[in-house]
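If you read the sequences in order, they're chains E and W.
Mapping the first sequence onto our numbering, position 94 (from 1) lands on 104, and the numbers just tick up by one.
Mapping the second sequence onto our numbering, position 13 (from 1) lands on 23, and the numbers just tick up by one.
Cβ atoms here follow ideal geometry from the backbone N, Cα and C, with glycine treated the same way.
2 protein chains.
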Amino acid sequence: MDKIKIDSRIWIKKGRKNYLGKGRIELLRQIQNEGSILKASKKMYMSYKAAWDNLHQIKAIGEQDLIVSNNGGRGGGGTYLTPEGKRAIEVFDRLERLKVAFWERFDSCQSLGDVLEKIIELEAFLSNLPDQNP
Amino acid sequence: MDKIKIDSRIWIKKGRKNYLGKGRIELLRQIQNEGSILKASKKMYMSYKAAWDNLHQIKAIGEQDLIVSNNGGRGGGGTYLTPEGKRAIEVFDRLERLKVAFWERFDSCQSLGDVLEKIIELEAFLSNLPDQNP
């Protein structure tokens, strides 16, 4: 029988708005690598406008800036990640790994019956976790 | 500060192919309610062809049929869920609830730092789970 796998996509919402997902995190990562929104957008095969719109949304939703631009001066300007911007990438990457680690528990399943058994096991473990608002 | 929430979408793959996701499960649920692929597709605002294509994919990927059609006879034909089809809906609904229960652990987070702390807590919990291939 073909193996079953649970696949998923995650994103971070803030105040009910979509804040950071895979695409925006990749954009931030490219800005970190390239030091420029224009170069980052090209690496993402994205228009400069789309990149800018996304960064504008991120800024509007978040309390802290994730990027900072240095406009001009000798050697021209550039865009860099703030410490919070670097943290956003780190947190999202770790969330992705946590997601994989959780759903990997189903990798041994071959049938819907196997999946049901595994769900029951994980429900029990989750209910044994300390309360989230102690 | 605006509250952070981790949102996600899940789907079941089988042998590396997309087998069942939210849309296909809804289609099965409508077939269960309506007893007809045509009526189900209308409820889903989906063309009959799109519904049929999805059902064909499901049949090609799975080992067991999820639906059975009774073509004609007195009172006309109909399409019904097999026990495995009903199980598919049940399993997916419980996976959705498990997903919500897992990511709800982050509902108390207000900053990326809070999220990082929660990740570390859940990583520890997952590593304490019994091995999945005992």
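Hey, out of the options, whose CA is closest to residue i's CA?
{"i": "W/Arg26", "options": "E/Glu131, E/Met11, E/Arg115, E/Asn43", "result": "E/Met11"}
{"i": "E/Lys69", "options": "E/Ala98, E/Lys52, E/Ala50, E/Gly87", "result": "E/Ala98"}
{"i": "E/Asn80", "options": "E/Phe112, E/Arg104, E/Tyr90", "result": "E/Tyr90"}
{"i": "E/Asp141", "options": "W/Val78, W/Asn43, W/Glu114, W/Gln120", "result": "W/Glu114"}
{"i": "E/Asp103", "options": "E/Lys32, E/Ile14, E/Lys13", "result": "E/Lys32"}
{"i": "E/Gly72", "options": "W/Met56, W/Ile14, W/Leu132, W/Lys49", "result": "W/Ile14"}
Are residue i and residue j closer than 7 Å when you measure CB to CB?
{"i": "E/Met54", "j": "E/Leu65", "result": "no"}
{"i": "W/Gly88", "j": "W/Ser51", "result": "no"}
{"i": "E/Leu76", "j": "W/Ala111", "result": "no"}
{"i": "W/Ser18", "j": "E/Ser18", "result": "yes"}
{"i": "W/Ile129", "j": "E/Leu108", "result": "yes"}
Taking just the CA atoms, how far does residue j sit from residue i?
{"i": "W/Asn138", "j": "W/Ile35", "result": "33 Å"}
{"i": "E/Trp21", "j": "E/Gln40", "result": "18 Å"}
{"i": "W/Gly23", "j": "E/Lys59", "result": "According to the sequence displayed, residue 23 of chain W carries Lys and not Gly. Each residue's Cα considered, the two are about 35 Å apart."}
{"i": "W/Pro144", "j": "E/Phe116", "result": "Reliability of the predicted coordinates at W/Pro144 is poor, the pLDDT of 43 falling under 50, and the value obtained from them is presented with this limitation in mind. So the alpha carbons of these two residues sit roughly 14 Å apart."}
{"i": "E/Gln67", "j": "W/Glu127", "result": "26 Å"}
{"i": "W/Ser118", "j": "W/Trp62", "result": "43 Å"}
{"i": "E/Lys96", "j": "W/Gly95", "result": "46 Å"}
{"i": "W/Glu100", "j": "E/Gln42", "result": "44 Å"}
{"i": "E/Glu133", "j": "W/Leu105", "result": "10 Å"}
{"i": "E/Glu131", "j": "W/Glu131", "result": "19 Å"}
{"i": "W/Gln74", "j": "E/Lys49", "result": "50 Å"}
{"i": "W/Val78", "j": "E/Thr92", "result": "58 Å"}
{"i": "W/Met56", "j": "E/Ser57", "result": "32 Å"}
{"i": "E/Asp124", "j": "W/Glu44", "result": "29 Å"}
Cβ closer than 9 Å: which chain W residues qualify as neighbours of residue i?
{"i": "E/Leu91", "result": "Ordered by position in chain W, no residue passes the 9 Å Cβ test against E/Leu91, which lies about 13 Å from the chain."}
Output, in chain order, the set of chain E residues within a Cβ distance shorter than 9 Å of residue i.
{"i": "W/Lys13", "result": "Lys23, Lys24, Gly25, Arg26"}
Just the chain W side, please: which residues come within less than 7 Å of residue i by C-beta, in chain order?
{"i": "E/Ser18", "result": "Ser18, Arg19, Ile20"}
- the segment 45-72 of chain W: positions lying closer than 7 Å to chain E by Cβ: With the criterion set as a beta carbon lying under 7 Å from some beta carbon of chain E, the segment 45-72 of chain W has no members that meet it.
- Item | Members of the segment 99-112 of chain W that neighbour chain E once the beta carbon cut-off is set at 7 Å | Val101, Arg104, Leu105, Leu108, Ala111, Phe112
- Of all the residues that make up the segment 25-42 of chain W, which are near chain E by a beta-carbon distance shorter than 7 Å? Gly25
- Task: With 7 Å as the C-beta to C-beta threshold (strictly closer), list the residues of the segment 122-136 of chain E near chain W in chain order.
- Result: Leu122, Val125, Leu126, Ile129, Leu132, Glu133, Phe135, Leu136
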